[in-house]
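Below is one structure, written out as structure tokens; the observations come after it.
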Amino acid sequence: MKLEQRKKRTVLVTGAAGFIGAFLCRRLLETTDDIVVGLDNLNNYYDPGIKEARLAMLREADRDGRFTFVRGDLCDAALLERLFAEHEFEMVVNLAAQAGVRYSIENPKAYIESNLVGFFNVLECCRHHPVKHLVYASSSSVYGGNEKVPFSEADNVDSPVSLYAATKKSNELMANAYSKLYSIPATGLRFFTVYGPMGRPDMAYFKFAKTLRVGGTIKIYNMGNCKRDFTYVDDIVEGICRVMDNPPEVTTGADGLPTPAARVYNIGHGDPNDLLDFVATLQRVFVEEGVLPEGYAFEAHRVLVPMQPGDVPVTYADTSALQRDFDYKPQTPLEDGLRAFAKWYRGYYGAIA
Ligand SMILES: NC(=O)c1ccc[n+]([C@@H]2O[C@H](COP(=O)([O-])OP(=O)(O)OC[C@H]3O[C@@H](n4cnc5c(N)ncnc54)[C@H](O)[C@@H]3O)[C@@H](O)[C@H]2O)c1
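Residue numbers (the UniProt record's numbering): 1 to 353.
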């Protein structure tokens with residue numbers, strides 16, 4: 001069904017001031033009649049100024065007062081309960097989480113709280129206030145040290161190599177159990193390195209921009225022998241919207257109980273980029289868009305370093321299931337996506353002095 005043909009729904013988006021959440025809310029405000037409630041605790045894991053800027057973008061996109069922002073924490077079970085009781089959400093998209101692989105070594109508790117306790121609270125609310133569909137963020141990191149590429153949903157994901165990945169895999173298991181027990185249609189989406197304007201400052205492409213601007217030296221991990229499946233944020237949002245519209249069917253199993261209406265899909269570009277090629281494109285686009293000056297001495301500002309604990313050298317998605325079930329495959333070419341990021345970056349941080 002086309003987005004514009006849908007009837008009005010009430011949607012909860014958690015992590016609404018986050019990177020993906022904000023772009024999802026904007027899309028819902030611009031292309032549907034949905035009433036959107038956005039929840040976010042606006043934590044300071046990275047610059048909260050960017051979260052405020054995303055909320056400003058949403059206020060601008062909200063032409064007819066369909067967006068409500070609630071500052072609050074997923075761990076606040078009473079708050080969630082109040083929101084679900086008040087709004088009777090049809091759709092819940094859970095994007096709030098403590099993200100990042102490296103930070104899970106430094107601050108593991110944040111992952112247990114937001115990703116496990118927080119997600120449990122969301123599931124409990126979906127149990128007591130039935131929803132038509134719960135869509136939630138998983139991650140490509142569940143594939144751990146998987147050496148077989150592309151990563152397919154059928155691959156074994158029992159060996160996470162970071163606490164972050166363990167929490168995301170746990171989310172899939174928890175959703176499966178709740179789906180089976182309480183007939184909650186649930187879809188987990190394994191995102192593969194999402195990038196774009198207003199992106200996350202803790203991610204490599206953003207850090208590269210920041211470091212190069214101040215004349216620092218960027219570290220390229222695994223001596224540059226890394227391949228990543230970079231997915232542009234608009235492509236991710238399109239994928240989420242298509243998935244939201246098509247919940248899995250609840251059926252009855254041989255035991256007379258509902259079978260779990262729970263699915264998991266990869267959402268990635270499906271066409272991995274060599275990290276060094278990615279950096280080369282980023283550098284060129286940065287000069288072209290005025291983020292860095294002409295003639296910048298890139299070679300003097302980069303160093304190849306070994307792998308970090310918890311990282312994996314190659315990640316890329318088998319997107320055939322997404323394509324088969326939703327007729328969708330992310331398309332945005334890397335150069336276009338990086339250019340959009342560079343334009344935003346220059347606007348936000350200003351031209352180089
Ligand atoms: N961006 C990527 O490349 C990527 C890749 C794989 C998975 N993911 C997952 O996708 C989701 C969205 O990622 P993102 O890149 O937009 O991250 P993000 O950090 O920009 O957004 C998450 C938002 O959730 C909020 N939040 C965190 N804990 C919260 C809590 N306990 N209560 C309320 N709000 C809370 C944060 O303030 C933040 O604004 C996350 O679940 C992340 O793990 C992202």
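Yeah, the Cβ is synthetic: ideal placement off N, Cα and C, and Gly gets one too.
Source: prediction; values computed, not measured.
With respect to the 8 Å criterion, Pro150 and Tyr316 are classified as neighbours on the basis of their beta carbons. With a threshold of 16 other beta carbon atoms within 10 Å, Pro48 falls short and is exposed. Boundaries of the alpha helix (DSSP H) around Ser170: Leu163 to Tyr182. Pairwise C-beta distances place the stretch 227–238 in contact with the stretch 13–33, as three or more of them are shorter than 8 Å.
If you look at Ser138, you'll find it isn't in any alpha helix (DSSP H); it sits in the beta strand (DSSP E) that goes His133 to Ser139. For Ala77, the distance from the CB to the nearest heavy atom of ligand 1 is not below 7 Å. Beta-bridge analysis with DSSP links Thr187 to Val135 and Arg263.
The continuous alpha helix (DSSP H) containing Ile240 extends over residues Val233 to Met244. Your pair Ala351 and Gly290 checks out as a contact, with CB atoms roughly 5 Å apart and the cut at 8 Å.
In this structure, Lys51 has its CB closer than 7 Å to one or more heavy atoms of ligand 1.
With a cutoff of 8 Å on beta-carbon distance, Asn146 and Phe192 are scored as not near each other. By the 16-neighbour rule on beta-carbons within 10 angstroms, Val303 is exposed. Rounded to whole angstroms, Thr231 and Lys329 show a C-alpha spacing of 10 Å. For Gly196 and Tyr205, the gap between their C-alpha atoms comes out near 10 Å. Taking the C-beta atoms as reference points, Met174 is found nearer than 8 Å to Phe119.
The alpha-carbon of Thr167 is positioned some 12 Å away from that of Asp158. Relative to ligand 1, Val194 has its C-beta within less than 7 Å of a heavy atom. Taking Trp344 as the centre and dropping the five residues before and after it, the same chain places the C-beta of Pro197 and Met198 closer than 7 Å to its C-beta, in chain order.
Relative to the non-hydrogen atoms of ligand 1, the Cβ of Gln98 comes within a distance shorter than 7 Å of at least one.
When only Cα atoms are considered, Arg9 and Lys169 end up about 29 Å apart. Per DSSP, the continuous alpha helix (DSSP H) segment holding Gly118 begins and ends at Gly118 to His128.
Under the three-state reduction of DSSP, Tyr195 is assigned to strand. Excluding its 5 nearest sequence neighbours in each direction, Gly38 has C-beta neighbours in its own chain below 6 Å: Val13, Ala16, Cys25 and Phe69, listed in chain order. A distance criterion of 7 Å places the beta-carbon of Ser159 beyond contact range of ligand 1, judged by its closest non-hydrogen atom. At a threshold of 7 Å, Gly239 does not count as near ligand 1, since its beta carbon sits no closer than that to any of the ligand's heavy atoms. DSSP places Asp40 in the uninterrupted beta strand (DSSP E) bounded by Ile35 to Asp40. The beta-carbon distance between Asp274 and Lys227, rounded to whole angstroms, is 6 Å. This is short enough to meet the 8 Å contact definition.
Look at Ile20: its beta carbon is less than 7 Å from one of the heavy atoms in ligand 1. Under DSSP, no beta-bridge partner is assigned to Thr281. Two segments are said to touch when three or more pairs of C-beta atoms, one from each, lie closer than 8 Å; by this definition the stretch 51–63 does not touch the stretch 92–108.
Within 10 angstroms of the beta-carbon of Gln331 lie fewer than 16 other beta-carbons, which makes it exposed.
Taken in chain order, the whole alpha helix (DSSP H) runs of length 4 or more contained in the stretch 4–83 are 19–31 and 48–61. Between Asp40 and Ala96, the beta carbon gap of about 6 Å places them in contact (Cβ cut-off 8 Å).
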